[in-house]
Amino acid sequence: MSEVFISGIVVFVLAAFVGMEVISKVPPTLHTPLMSGANAISGITIVGALAAASYLGDGFAAKVLVFLAITTATINVVGGFLVTDRMLEMFKKKPVKRDG
Amino acid sequence: MVELLYLAAASMFIFGLKMLGSPRTARRGNMIAAAGMLLAILVTVINEEMLSWGIIVAGMVTGGAIGAVLALRVKMTAMPELVAAFNGFGGAASALVALAELDRNGANLPVEIAAVVAASLAVGSVTFSGSFIAFGKLQGALPGRPVALPGQHVINAAMAAAIVALAVWGAAAGVVAPFWIIVAVALVLGVFGVLPIGGADMPVVISLLNSLSGVAASMAGFIIGNSALIIGGALVGAAGFILTVQMGEAMNRTLANVLFSGFGSTVAGAGELSDKPVNRATADDVAIALGYADSVIVVPGYGLAVAQAQHATRDLGLALEDKGVTVDYSIHPVAGRMPGHMNVLLAEADVPYEQLLDLDQSNPRFPQTDVVVIVGANDVVNPSARDDADSVIYGMPILEVDLARTVIVIKRSLSPGFAGIDNPLFYNENTMMFFSDGKAAMEDILKSVKSL
Numbered sequence: 001m002s003e004v005f006i007s008g009i010v011v012f013v014l015a016a017f018v019g020m021e022v023i024s025k026v027p028p029t030l031h032t033p034l035m036s037g038a039n040a041i042s043g044i045t046i047v048g049a050l051a052a053a054s055y056l057g058d059g060f061a062a063k064v065l066v067f068l069a070i071t072t073a074t075i076n077v078v079g080g081f082l083v084t085d086r087m088l089e090m091f092k093k094k095p096v097k098r099d100g
Numbered sequence: 101m102v103e104l105l106y107l108a109a110a111s112m113f114i115f116g117l118k119m120l121g122s123p124r125t126a127r128r129g130n131m132i133a134a135a136g137m138l139l140a141i142l143v144t145v146i147n148e149e150m151l152s153w154g155i156i157v158a159g160m161v162t163g164g165a166i167g168a169v170l171a172l173r174v175k176m177t178a179m180p181e182l183v184a185a186f187n188g189f190g191g192a193a194s195a196l197v198a199l200a201e202l203d204r205n206g207a208n209l210p211v212e213i214a215a216v217v218a219a220s221l222a223v224g225s226v227t228f229s230g231s232f233i234a235f236g237k238l239q240g241a242l243p244g245r246p247v248a249l250p251g252q253h254v255i256n257a258a259m260a261a262a263i264v265a266l267a268v269w270g271a272a273a274g275v276v277a278p279f280w281i282i283v284a285v286a287l288v289l290g291v292f293g294v295l296p297i298g299g300a301d302m303p304v305v306i307s308l309l310n311s312l313s314g315v316a317a318s319m320a321g322f323i324i325g326n327s328a329l330i331i332g333g334a335l336v337g338a339a340g341f342i343l344t345v346q347m348g349e350a351m352n353r354t355l356a357n358v359l360f361s362g363f364g365s366t367v368a369g370a371g372e373l374s375d376k377p378v379n380r381a382t383a384d385d386v387a388i389a390l391g392y393a394d395s396v397i398v399v400p401g402y403g404l405a406v407a408q409a410q411h412a413t414r415d416l417g418l419a420l421e422d423k424g425v426t427v428d429y430s431i432h433p434v435a436g437r438m439p440g441h442m443n444v445l446l447a448e449a450d451v452p453y454e455q456l457l458d459l460d461q462s463n464p465r466f467p468q469t470d471v472v473v474i475v476g477a478n479d480v481v482n483p484s485a486r487d488d489a490d491s492v493i494y495g496m497p498i499l500e501v502d503l504a505r506t507v508i509v510i511k512r513s514l515s516p517g518f519a520g521i522d523n524p525l526f527y528n529e530n531t532m533m534f535f536s537d538g539k540a541a542m543e544d545i546l547k548s549v550k551s552l
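Chains A and B, in that order, are what the protein sequence lines are. The first sequence runs 1 to 100 under my numbering. The second sequence runs 101 to 552 under my numbering.
So this is what it looks like as structure tokens:
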């Protein structure tokens with residue numbers, strides 16, 4: 001096993017613990033925005049898709065795969081952050097409009 | 101230098117997630133995480149020798165447009181479906197990255213790389229197909245009840261074993277075909293895995309798929325040796341897992357029970373429902389009970405989302421407050437179809453954060469509450485969970501609304517909730533049943549309250 005891979009495992013385990021620590025005490029009100037924000041972060045795989053585009057050969061299959069990877073990852077990133085922001089905007093205090 | 105910039109991006113994810121956990125800082129937290137993402141993308145684009153700008157621009161423009169339209173157009177009541185769909189796209193992206201790597205390098209890979217390629221393909225594909233089955237169930241295109249083949253668990257276990265065997269074969273023989281078969285098997289596994297899970301268990305399923313989309317991204321990170329992917333994916337994997345466990349606890353059920361029991365597939369026949377009489381109420385009866393109360397607690401459930409009754413509910417709450425009634429809202433952790441579903445809907449309707457009570461805050465207050473109004477909730481207020489050791493939901497933490505002086509249940513009919521069991525609450529002496537659609541009911545009651 002290469003050293004790069006082993007240090008990757010170290011990073012993975014530490015990051016997982018950080019994730020659990022950071023998340024464990026979130027009030028229920030924020031569960032949905034937290035989940036959709038986290039979901040957007042999982043779109044980091046876009047970096048992998050972009051990297052794949054950098055050494056793209058001439059194969060047609062490869063081009064289709066990379067195009068689809070970039071597209072789906074971008075949907076995840078853009079959609080995820082935007083919808084989280086849209087939800088959180090509703091949570092902020094607004095002057096209450098009363099009718100009647 | 102590039103590594104350090106990726107580390108900076110990953111740190112921004114950690115800060116962002118941390119800030120998302122507190123109401124005051126949540127919005128800024130989301131923006132910091134988004135900035136971290138932008139940084140990671142810029143670093144990649146600048147660092148790599150980009151030879152195929154056409155594909156990159158085409159992909160990002162297409163994906164960005166689809167993502168933005170979905171995020172800005174979709175109604176708040178459809179949020180669970182949307183989150184499920186985004187999870188699915190994330191899973192698909194990670195599997196596609198693994199496929200692109202495989203296409204480029206062939207399958208003559210070091211064992212550990214072959215393992216993470218297989219893991220990324222399998223987890224990403226399961227996340228993709230599973231999320232879209234969840235999407236279909238939430239959106240109503242697929243039946244919300246559990247659907248399963250006979251021996252479904254054996255079939256699923258066999259498919260999981262097949263994926264492992266295919267990975268070993270592919271790695272040992274250095275051929276690409278088994279990896280493609282992994283994708284096919286995993287796609288079917290995602291479908292078969294989620295179909296047998298009922299609608300009300302969706303909060304658990306969505307959190308779990310969220311976690312898996314992170315794991316898939318992390319595995320993709322191992323393939324290309326990128327720490328930003330490994331860290332970002334691990335964070336999301338852990339966060340989703342914590343949420344999954346919390347949702348399970350809120351139903352007093354283990355993750356295995358949610359995933360494998362087919363809970364809710366046994367719907368009680370009409371004969372099993374009690375034929376005891378109920379107190380039927382009209383909008384006027386309800387308005388009088390509410391208008392002359394000192395304290396009212398509203399308990400929303402999935403029915404509120406279906407009826408899109410959040411604004412009407414808020415309007416009624418305001419009218420009661422104008423009459424000097426204290427109004428609060430009690431939210432069970434698994435009310436609705438995703439974690440925090442009801443909180444989002446009530447926030448959309450401008451209900452102040454301070455008026456939202458969680459389970460632990462609510463239960464001590466019910467005995468001192470004059471009237472509880474239940475809109476579209478059922479199993480989470482079923483006293484059987486506390487009193488009847490034979491009940492399938494026995495032990496699940498409930499909102500103990502039956503301790504309030506008067507309980508008003510707004511419901512279309514006496515039909516049982518998701519668990520398929522009768523609710524003794526409906527037949528209590530201090531319970532009034534108002535049979536109506538949630539939104540229409542709220543509007544009718546509001547009219548009556550105003551004419552008091």
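We put the CB at the ideal spot given by N, CA and C, even for glycine.
TODO: Give the DSSP-derived three-state secondary structure of A/Val78 in the structure shown.
DONE: helix
Open item on the list: Counting only Cβ pairs nearer than 9 angstroms, list the residues of chain B close to A/Asp85.
Closed with: Listed along the chain, the chain B residues whose CB falls inside 9 angstroms of the CB of A/Asp85 are Arg127, Asn130, Met131, Ala134 and Ala171.
Open item on the list: Is there a Cβ of chain B sitting closer than 8 angstroms to that of A/Gly100, yes or no?
Closed with: Note on A/Gly100: pLDDT 40, under 50, position unreliable in the model; the coordinate value appears next. At least one chain B Cβ lies under 8 angstroms of A/Gly100.
Open item on the list: Counting only Cβ pairs nearer than 8 angstroms, list the residues of chain B close to A/Glu89.
Closed with: Chain order gives the chain B residues near A/Glu89 as Arg127, where near means a beta carbon separation below 8 angstroms.
Task: Positions along the stretch 410-441 of chain B whose CB lies within less than 8 angstroms of some CB in chain A - done: Asp415, Leu418, Ala419, Asp422, Ile431, Pro433, Met438, Pro439, Gly440 and His441
- [ ] List the endpoints of the continuous beta strand (DSSP E) containing B/Asp428.
- [x] Thr426 to Ser430
TODO: Indicate whether the contact test is met: 3 or more Cβ pairs, each with one atom in the stretch 230-250 of chain B and one in the stretch 212-222 of chain B, closer than 8 angstroms.
DONE: no
Open item on the list: Only counting the same chain, and skipping five residues up and downstream in sequence, which positions put a Cβ closer than 8 angstroms to that of B/Arg437?
Closed with: Pro180, Leu238, Gly299, Ala300, Met302, Pro303, Ile306, Tyr402 and Ala405
Open item on the list: On a Cα-Cα basis, can you pick out the residue from B/Pro433, B/Asn443 and B/Leu390 that is closest to B/Val427?
Closed with: Of B/Pro433, B/Asn443 and B/Leu390, the smallest CA-CA separation from B/Val427 is found for B/Leu390.
Open item on the list: Please state whether the Cβ-Cβ distance between B/Leu295 and A/Ala69 is less than 8 angstroms.
Closed with: no
Open item on the list: Once the 5 residues before and after B/Asp537 are set aside, which same chain residues still bring their CB inside 7 angstroms of it?
Closed with: Within the same chain, Ala407 and Arg512 come within 7 angstroms of B/Asp537 by CB-CB distance, once the 5 residues on both sides are set aside.
Task: Cutoff 8 angstroms: A/Phe60 Cβ touching any chain B Cβ - done: no
Task: Check whether B/Ser225 and B/Val174 have beta carbons under 8 angstroms apart - done: no
TODO: Find the residues of chain A that neighbour B/Arg204, judging by a C-beta separation of less than 9 angstroms, and give them in chain order.
DONE: Ala52, Tyr55, Leu56, Gly57, Gly59 and Ala62
- [ ] Out of A/Met20, A/Ile44, A/Phe5 and A/Ser2, point me to the one whose CA is closest to B/Ala109's CA.
- [x] A/Ile44
Task: Contacts around B/Ala135, its chain only, beta-carbon distance under 7 angstroms, and the 5 residues preceding and following it disregarded - done: Met112
Open item on the list: Going by beta-carbon coordinates alone, are B/Ser231 and B/Leu309 separated by less than 8 angstroms?
Closed with: yes
- [ ] Please decide whether B/Met160 counts as near chain A, where near means a Cβ-Cβ distance under 8 angstroms.
- [x] Yes, B/Met160 lies at the interface with chain A (some Cβ there is under 8 angstroms from its Cβ).
Open item on the list: Residues of chain A with CB closer than 7 angstroms to the CB of B/Phe113, please, in chain order.
Closed with: Ile41
Open item on the list: Let's test the definition: count the other Cβ atoms within 10 Å of the Cβ of A/Gly100 and tell me whether it reaches 16, buried, or not, exposed.
Closed with: Unreliable positioning characterises A/Gly100 in this predicted model, as indicated by a pLDDT of 40, which lies under 50. A coordinate reading is not provided.
Open item on the list: Less than 7 angstroms between C-beta atoms, sequence neighbours within five positions excluded: which residues of the same chain meet that for B/Leu182?
Closed with: Leu170 and Val174
Open item on the list: Output needed for B/Ala329: all residues of its chain with C-beta closer than 7 angstroms, excluding positions within five of it in sequence on either side, in chain order.
Closed with: The amino acid at residue 329 of chain B is misidentified as Ala; the sequence shows Leu. Excluding sequence neighbours, B/Leu329 sits near Ala317, Ser318, Ala320 and Gly321.
Open item on the list: Is there a C-beta anywhere in chain A that falls below 8 angstroms from the one on B/Ser229?
Closed with: Not an interface residue.
TODO: Please determine if the stretch 331-339 of chain B and the stretch 253-270 of chain B are in contact, where contact requires at least 3 C-beta pairs separated by less than 8 angstroms.
DONE: no
Open item on the list: Could you tell me the alpha carbon to alpha carbon distance between B/Asp544 and B/Leu459, rounded to whole angstroms?
Closed with: The alpha-carbon separation between B/Asp544 and B/Leu459 amounts to approximately 29 angstroms.
Open item on the list: Run through the DSSP bridge pairs and tell me what B/Pro400 is partnered with.
Closed with: In DSSP, B/Pro400 forms a bridge with B/Val475.
Task: Exposure label - A/Arg98; buried when at least 16 CB within 10 Å - done: With a pLDDT of 49 at A/Arg98, under the threshold of 50, the predicted position of this residue should be treated as unreliable, though the coordinate-derived value follows. A/Arg98 comes out exposed.
Open item on the list: Measuring straight from C-alpha to C-alpha, what distance separates B/Lys539 and B/Leu445?
Closed with: Computed Cα separation, rounded: 14 angstroms.
Open item on the list: So the candidates are B/Pro439, B/Val471, B/Gly517 and B/Phe518; which of them puts its Cα closest to the Cα of B/Tyr429?
Closed with: Of B/Pro439, B/Val471, B/Gly517 and B/Phe518, the smallest CA-CA separation from B/Tyr429 is found for B/Val471.
- [ ] Using a cut-off of 7 angstroms between C-beta atoms, extract the partners of B/Ser313 located in chain A.
- [x] Asn39 and Ser42
TODO: Determine the burial state of B/Pro467: buried for a count of at least 16 other Cβ atoms within 10 Å of its Cβ, exposed for fewer.
DONE: exposed
- [ ] Tell whether a beta-carbon distance below 8 angstroms holds between B/Val275 and B/Ala339.
- [x] no
- [ ] For A/Val10, count neighbouring C-beta atoms within 10 Å of its own C-beta (all shown protein chains included) and say buried if the count is 16 or more, exposed if not.
- [x] exposed
Open item on the list: On the CB-based measure, 16 or more other CB atoms within 10 Å of its CB, does B/Val100 come out buried or exposed?
Closed with: Lying outside 101 to 552, the shown extent of chain B, residue 100 of chain B is not represented and no answer is given.
Task: CB contact flag (B/Ala286, B/Leu221, <8 angstroms) - done: yes
TODO: Give me the Cα-Cα distance between B/Asp50 and B/Phe279, rounded to the nearest whole angstrom.
DONE: For chain B, the structure presents residues 101 to 552; residue 50 of chain B sits outside this window and is missing.
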